[in-house]
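Below is one structure, written out as structure tokens; comments come after it.
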Amino acid sequence: MVARRIDKEDQYVLNLCTKYLARINTDERHSAYGVDAATPRARISESWRFPVVDSHDGNEPDAYEWNDVTFVWHIADLSAPPQSVLLLSTCHRLHEPLPLVRIGDTAYFALTVKLPKATRYRYLFIVDGKLTADPINPQTQTFANGETWSSFFTSAYNQPISFERWEFAILDRLTRHILPFNSTEAQNYLGREGGGGNVGHLYRLDISVGVANFIDKVVAREERHRLYAYKTCLEMLDTILRRRETRAPPEAMEESLFVELYDDMASGASALFEHGWDRSRYSDPADFLKLLRRHAMTGAFAHPKYGGNPGGMAWAYLSEHFTGDNGKTAFDWQRAQEKPLGTSVEYRG
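Under our numbering, the first residue of the sequence shown carries the number 65, and numbering increases by one thereafter.
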């Protein structure tokens, strides 16, 4: 992979830094559940936004298939700024680090590169010859040799990051019955339409799997503090389901078992605790159910670049089912979305 440098105006980078980094905070703004506690990034408003993954605003015919990714190094001590900051990343030749450029006399070095969507990379900074992980970005990968690299993913990445395969399978089943797309009518629609021509980066045309993918990504970045809740509760739910049905794995169990499970979680039924829910690990199953519902509904109707709503099928479903008196759709979502997903020539996604 060879990343291509993109020249961005200084103001573009400074706007991002001003909004998310240039705040003087002595308190830990984001250390819920102990995540990032006692680290510099806990004082950053939204550290997960870095590196910044943005739409590629080029004139190429395939511009939609790319992201502009901006890396930022913040100078901690302006009285002794580094002489050089380089990017060492799997998104480029490892023997050829890319230089970040200081923006005037500000506290920031920056570099923007063009990368394909639906990909994941790892990287380190070389600051005056010393290797270091990104002190801003909370996403990391630790390898068998003990090395820790920073990591990031581009839009529409569809491989699990936060969950193991068995967790992903249970999450798929849990979200499938929360969503309003499993009626016979909805199944017929999704099967008939198949997302129209908007199938870029789809690995399964299944709205629930799209939502599971959205949740996997949101707890890797925006809501990292919720990952503990999912890891803990999915493990307990796996135990409960296997005690209630011994003849099939959770992903193959009948829908009625999940309906019963939802009811028990919402009401706090005693059977739930008898079968494996441990209050000392997560006190309120109804709270987790609310979290799951919020993420499921958000993922179903969010922009496909966030991992759910594959091909805009959830929007298309609403478009077909909500019409005005003139017989035309009351939800013409394609007018507001970028090509080729929609028909807008102004919006870039």
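All residues carry an ideal CB built from backbone N, CA and C; glycine is no exception.
All of these numbers come straight from a predicted model, not from anything done at the bench.
### Message
If the criterion is Cβ atoms closer than 7 Å, does the pair F232 and A276 meet it?
### Response
On the sequence shown, residue 232 is found 168 positions in, with the first residue counted as 1. On the sequence shown, residue 276 is found 212 positions in, with the first residue counted as 1. Their beta carbons are under 7 Å apart, which means F232 touches A276 by this criterion.
### Task
Let me know the secondary structure DSSP gives Y346 once reduced to three states.
Within the sequence shown, residue 346 is the residue found at index 282, counting from 1. Of the three classes helix, strand and coil, the one that applies to Y346 here is coil, per DSSP.
### Message
By the DSSP assignment, the alpha helix (DSSP H) with T303 in it spans what residues?
### Response
As a first step, residue 303 is located in the sequence shown; it is residue number 239 there, counting from the start. T303 -> alpha helix (DSSP H) spans L291 to R308.
### Query
Could you check where the beta strand (DSSP E) with L325 kicks off and where it finishes?
As a first step, residue 325 must be located in the sequence shown, where it is residue number 261. From DSSP, L325 is part of no beta strand (DSSP E) but of the alpha helix (DSSP H) over E319 to S331.
### Task
Identify every residue that forms a DSSP beta bridge with A174.
Locating residue 174 in the sequence shown gives position 110, counting from the first residue. BP columns for A174 point to V136 and V165.
### Query
Any idea what DSSP makes of L151, helix, strand or coil?
What you label residue 151 is simply residue 87 of the sequence shown in a count that begins at 1. Residue state, collapsed to three classes: strand.
### Query
Can the beta-carbon of Q147 be found closer than 7 Å to that of D192?
What you label residue 147 is simply residue 83 of the sequence shown in a count that begins at 1. What you label residue 192 is simply residue 128 of the sequence shown in a count that begins at 1. For Q147 and D192, yes; Cβs fall inside 7 Å.
### Query
When the distance is taken between beta carbons, is V66 closer than 7 Å to V133?
Residue numbering aside, residue 133 sits at position 69 when the sequence shown is read from its first letter. Residue numbering aside, residue 66 sits at position 2 when the sequence shown is read from its first letter. Not in contact: V133 and V66 (Cβ atoms no closer than 7 Å).
### Task
Kindly list the residues whose CB is nearer than 6 Å to the CB of G371, restricted to its own chain and excluding five residues on each side of it in sequence; keep chain order.
Taking the sequence shown and counting its residues from 1, one reaches residue 371 at position 307. Same-chain partners within the cutoff: N277, F278 and K281.
### Task
Could you pull out every residue in the same chain whose Cβ sits closer than 8 Å to the Cβ of R307, ignoring the five residues on either side in sequence?
Start at 1 with the first residue of the sequence shown, and residue 307 comes out as number 243. Result list for R307: H339 and G340, in chain order.
### Query
I190 lies in the beta strand (DSSP E); which residues open and close that run?
Residue numbering aside, residue 190 sits at position 126 when the sequence shown is read from its first letter. Its beta strand (DSSP E) spans residues R184 to V191.
### Task
Let me know the secondary structure DSSP gives Y267 once reduced to three states.
If you number the sequence shown from 1, residue 267 lands on position 203. Caution applies to Y267, whose pLDDT of 36 falls short of 50 and renders its modelled position unreliable; the value that the coordinates give is listed next. Three-state result, Y267: coil.
### Message
At the level of alpha carbons, what is the spacing between K194 and E318?
### Response
Here residue 194 refers to the residue found at position 130 of the sequence shown. Here residue 318 refers to the residue found at position 254 of the sequence shown. K194 and E318: Cα-Cα distance of roughly 55 Å.
### Message
Is the separation between the beta-carbon of F114 and that of V149 shorter than 7 Å?
### Response
Residue 114 sits at position 50 when you count from the first residue of the sequence shown. Residue 149 sits at position 85 when you count from the first residue of the sequence shown. Their beta carbons are not under 7 Å apart, which means F114 does not touch V149 by this criterion.
### Task
Give the straight-line distance between the Cα atoms of W137 and V77, rounded to the nearest whole angstrom.
In the sequence shown, counting from the first residue as 1, residue 137 sits at position 73. In the sequence shown, counting from the first residue as 1, residue 77 sits at position 13. The alpha-carbon atoms of W137 and V77 are separated by roughly 11 Å.
### Query
Which term fits N123, buried or exposed, when burial requires 16 or more other beta carbons within 10 angstroms of its beta carbon?
Taking the sequence shown and counting its residues from 1, one reaches residue 123 at position 59. Label assigned to N123: exposed.
### Task
Quick one: using the 10 Å Cβ neighbour count with 16 as the cut-off for buried, is V263 buried or exposed?
Working through the sequence shown from its first residue, we reach residue 263 at position 199. Note that V263 scores 41 on pLDDT, short of 50, meaning its location in the model is unreliable and no value can be drawn from it.
#### Entry: Touch test, the stretch 202-218 against the stretch 175-189, Cβ-Cβ under 8 Å, three pairs minimum
yes
### Task
Measure the CB-CB distance between A380 and G388 and report whether it falls below 7 Å.
Counted from its first residue, the sequence shown places residue 380 at position 316. Counted from its first residue, the sequence shown places residue 388 at position 324. No.
#### Entry: Heavy atom of the ligand SAM within 6 Å of A293 beta-carbon
Of the ligands one can find in the structure shown there are none, so the ligand SAM has no counterpart to examine.
### Task
Would you identify the three-state DSSP class for K392, choosing helix, strand or coil?
As a first step, residue 392 is located in the sequence shown; it is residue number 328 there, counting from the start. Residue state, collapsed to three classes: coil.
#### Entry: Length of the line joining the Cα atoms of L238 and I167
Position 174 of the sequence shown holds residue 238. Position 103 of the sequence shown holds residue 167. Whole-angstrom Cα-Cα distance: 48 Å.
### Task
List the whole-angstrom C-beta distance separating N209 from L179, where the pair is believed to meet the contact cut-off of C-beta under 8 Å.
Counting from 1 along the sequence shown, the entry for residue 209 is found at position 145. Counting from 1 along the sequence shown, the entry for residue 179 is found at position 115. About 26 Å separates the two Cβ atoms, so there is no contact after all.
### Task
Below 8 Å on the Cβ atoms is my guess for A360 versus I242; work out the distance and round it to an integer in Å.
Counted from its first residue, the sequence shown places residue 360 at position 296. Counted from its first residue, the sequence shown places residue 242 at position 178. Yes, they are in contact, since the Cβ atoms of A360 and I242 sit about 5 Å apart, within 8 Å.
### Query
By DSSP, does P104 sit in helix, in strand, or in coil?
One-based indexing of the sequence shown puts residue 104 at position 40. Three-state DSSP puts P104 in a helix.
### Message
So, at 8 Å on beta carbons, what are the nonlocal neighbours of D396 in its own chain, with the 5 sequence-adjacent residues on each side left out?
### Response
The residue you call residue 396 lines up with position 332 of the sequence shown. Contacts found: S383.
### Query
Can you give the beta carbon distance from M377 to D342, rounded, assuming they're within the 8 Å contact cut?
The residue labelled residue 377 in the question sits at position 313 within the sequence shown. The residue labelled residue 342 in the question sits at position 278 within the sequence shown. That pair is no contact at about 37 Å.
### Query
Does the stretch 342-356 touch the stretch 312-329, meaning 3 or more C-beta pairs lie closer than 8 Å?
yes
### Message
In the DSSP output, which residue or residues are listed as bridge partners for V283?
### Response
Here residue 283 is taken as the residue at index 219 of the sequence shown, counted from 1. Bridge partners of V283: none, in fact.
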